[in-house]
Amino acid sequence: MKTILVIEDDDRVRENILDLLEAEEYQALAAPNGIEGVQKATQYLPDLIICDVMMPELDGYGVIQALRKNEATATIPFIFLTAKAEKTDTRKGMELGADDYLTKPFTLEELLKAISARLEKQTAIERESDKKLQQLRQNLVHAMPHELRTPLNGIISYSQMLMEECQEMDRAEIQEMAEGIYQSGQRLYRLVQNYLLYAEIELISNDKERLKILRAGIGAATLSTIATSANKAAKKFDRLADLRLDLADAPAAISAVHLHKIVEELVDNACKYSTEGSTILVLGIAAEKIYTLSVSNLGRGMSPEQIASLGAYIQFERKLYEQQGSGLGLTIAKRLAELYQGRLMIDSIAGDYTTVSVILPLENL
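Sequential numbering from 1 applies to the sequence shown in UniProt numbering.
Right, dumping it as structure tokens:
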């Protein structure tokens, strides 16, 4: 049974709505003013709130502002009731986060339709959220054990061989074993670092104060940061000869550390999923207060369905290609861009090419 909170100072209107809701088998709560309404919303966390705009002490706008600031009540569907039908008033309510507006006098049928529409939409949102959470769980179950086990197996196997056969090995063989241990350790270290970074990004994205601090007074030197990171990533795959850089220099509104990480992940992916000897182009353009960084490669490509399914711990067609990596890197690049009010876009044709573009605001000079 869905719970609906009615915040209305007119006793007659409030009682009529409550009678209707109970007749429709909703669990109804009531508050005669905005202050009590905020208290009950916080206490009971209803599935939907119906709130009058014009009330003494705390009006409807004050109610929705208070509830949207509270993480527990921020996403509760909210319907305004108002005797005013001015477009500016409707717009103000929508800007504050209202989901719908009903102008008095309204029919009971209109109210029920508005309630049904809001609850159905919220159910669809929750269903999609649960679907994505389940997908993340499945990807963790399938990808993480493999990603952890592979480098650990390398470390254990090489170290065991060194312990048991070092007396019979020459210097070159020992060197090869040591390099294998180092590379496996580096892969494991990067996986752990990416996992921790992803968790940190999600925490910051839901903390307004940390976001404000993060975005204050930043401006990465794009040319030097991008060039350094791109060359480092390409060198790891022995692909420096394939790398082409064409970069404008402008201060993007992002920390140098995070810009470096974005470039590292994009070039890393371009190297993994393209053929050695094919060009990897890193392009940087500054125009109209934005900086557009794009990394292009000729290789596997992605289908529209794969692009739409982009998420943490997804690596497409692992069985076919058996590439190293959890698929987390592209999601990290996307989420980092979003932290700085930017966005990531993918243009790709399966089996042909991929261009990943990150659009960032320029620092205000």
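We put the beta carbon where it would ideally sit given N, CA and C, even for glycine. None of the values given here were measured: they were computed from a predicted structure.
Span of the alpha helix (DSSP H), counted from its first residue to its last, around residue i
i, result
"methionine 177", "171-205"
"threonine 75", "Counting along the chain, threonine 75 falls outside any alpha helix (DSSP H), and DSSP gives it neither H nor E."
"asparagine 16", "11-23"
"isoleucine 64", "60-69"
"arginine 215", "208-215"
"tyrosine 44", "34-44"
"threonine 331", "328-339"
Contact belief for residue i with residue j at Cβ below 8 Å, rounded distance in angstroms
i, j, result
"arginine 118", "aspartate 99", "5 Å"
"valine 295", "valine 356", "5 Å"
"glycine 301", "aspartate 352", "5 Å"
"glycine 34", "aspartate 59", "6 Å"
"residue 438", "valine 6", "No statement about residue 438 is possible, as the shown extent of the chain runs from 1 to 365 and does not include it."
"isoleucine 50", "isoleucine 125", "Wrong, their Cβ atoms sit about 19 Å apart, outside the cutoff."
"threonine 107", "threonine 82", "Their Cβ separation, rounded to whole angstroms, is 16 Å, which puts threonine 107 and threonine 82 out of contact at 8 Å."
"leucine 45", "alanine 72", "6 Å"
"isoleucine 174", "cysteine 166", "7 Å"
Option nearest residue i by Cα separation, candidates the options
i, options, result
"isoleucine 76", "Ser224, Glu57, Lys40", "Lys40"
"leucine 266", "Ala234, Lys212, Asp207", "Ala234"
"glycine 299", "Gln186, Gly329, Lys261, Ala350", "Ala350"
"phenylalanine 237", "Asp47, Phe80, Ser278", "Ser278"
"glycine 329", "Val263, Gly62, Met345, Thr275", "Val263"
"asparagine 297", "Pro105, Leu243, Glu22", "Leu243"
"serine 159", "Thr275, Asn269, Ile7, Tyr182", "Tyr182"
"arginine 239", "Tyr273, Lys212, Glu168, Leu108", "Tyr273"
"lysine 113", "Val13, Gln341, Leu20, Ile290", "Leu20"
"glutamate 95", "Glu173, Phe80, Ile290", "Phe80"
"arginine 215", "Asn16, Met1, Gly342, Pro56", "Gly342"
"serine 255", "Thr275, Leu281, Thr225, Lys208", "Thr225"
"glutamate 120", "Asn269, Lys261, Asp47", "Asp47"
"methionine 163", "Thr222, Pro151, Ala178", "Ala178"
"asparagine 153", "Gln65, Tyr26, Gly185, Val63", "Gly185"
"alanine 227", "Arg171, Leu259, Phe78", "Leu259"
"lysine 208", "Lys2, Met55, Asn70, Met54", "Asn70"
"lysine 2", "Gln167, Gly37, Glu25", "Glu25"
"tyrosine 101", "Met161, Asp52, Ala221", "Asp52"
"asparagine 231", "Glu57, Gln193, Ala270, Asn206", "Ala270"
"leucine 197", "Lys261, Glu36, Glu276", "Lys261"
"alanine 66", "Gly37, Glu276, Thr222, Met55", "Gly37"
"asparagine 16", "Ile64, Glu168, Pro105", "Pro105"
"threonine 222", "Val63, Val358, Met54, Thr42", "Val358"
Residue i - containing beta strand (DSSP E), residue span
i, result
"glutamine 27", "27-31"
"tyrosine 353", "353-361"
"valine 6", "3-7"
"leucine 102", "100-103"
"threonine 292", "290-298"
"methionine 345", "343-349"
"leucine 96", "Looking at the DSSP string, leucine 96 is not in any beta strand (DSSP E), and its letter there is neither H nor E."
"isoleucine 49", "48-52"
Contact test: residue i Cβ vs the ligand FMN heavy atom, cutoff 6 Å
i, result
"alanine 74", "Although the ligand FMN was asked about, the structure shown includes no ligands whatsoever."
Own chain residues within Cβ distance below 6 Å of residue i, not counting five before or after
i, result
"isoleucine 285", "Ala248, Thr292"
"glutamate 363", "Gly219, Pro251, Ala253"
"arginine 68", "Ala74, Gly97"
"aspartate 347", "Thr355"
"arginine 318", "At arginine 318 the pLDDT is 41, less than 50, meaning the model places this residue with poor confidence and gives no usable figure here."
"leucine 283", "Asp246, Ser294"
"glutamine 122", "Pro77"
"isoleucine 280", "Asp242, Leu243, Ala270, Asn297"
"leucine 320", "Because the pLDDT of leucine 320 is 34, which lies under 50, any placement of that residue in the model is unreliable, and the question is left without a value."
Beta-carbon proximity list for residue i, same chain, < 8 Å, skipping 5 on both sides
i, result
"isoleucine 201", "Ile332, Arg335, Leu336, Leu339"
"leucine 148", "Leu188, Leu191"
"leucine 18", "Val6, Ala28, Ala30"
"lysine 92", "Tyr61"
"serine 116", "none"
"arginine 14", "Val6, Glu8, Ala30, Pro32"
"glutamine 134", "none"
"threonine 275", "Leu298, Gly299"
"serine 129", "none"
Cβ shell of residue i (< 7 Å), same chain only, five flanking positions each side left out
i, result
"isoleucine 204", "Arg210, Leu211, Leu214, Leu339"
"lysine 289", "Pro361, Leu362"
"asparagine 194", "Leu328, Gly329, Ile332"
"glutamate 57", "Asn33, Gly34, Ile35"
"glycine 180", "Gly154, Tyr158"
Min CB distance residue i to chain B below 7 Å
i, result
"isoleucine 174", "Reference to chain B is not applicable here, since this structure consists of a single protein chain."
Ranges of the beta strand (DSSP E) found wholly within the region 221-282, counting only runs of at least 3 | Counting only unbroken stretches of 3 or more residues, the beta strand (DSSP E) elements lying wholly within the region 221-282 are 243-247, in sequence order.
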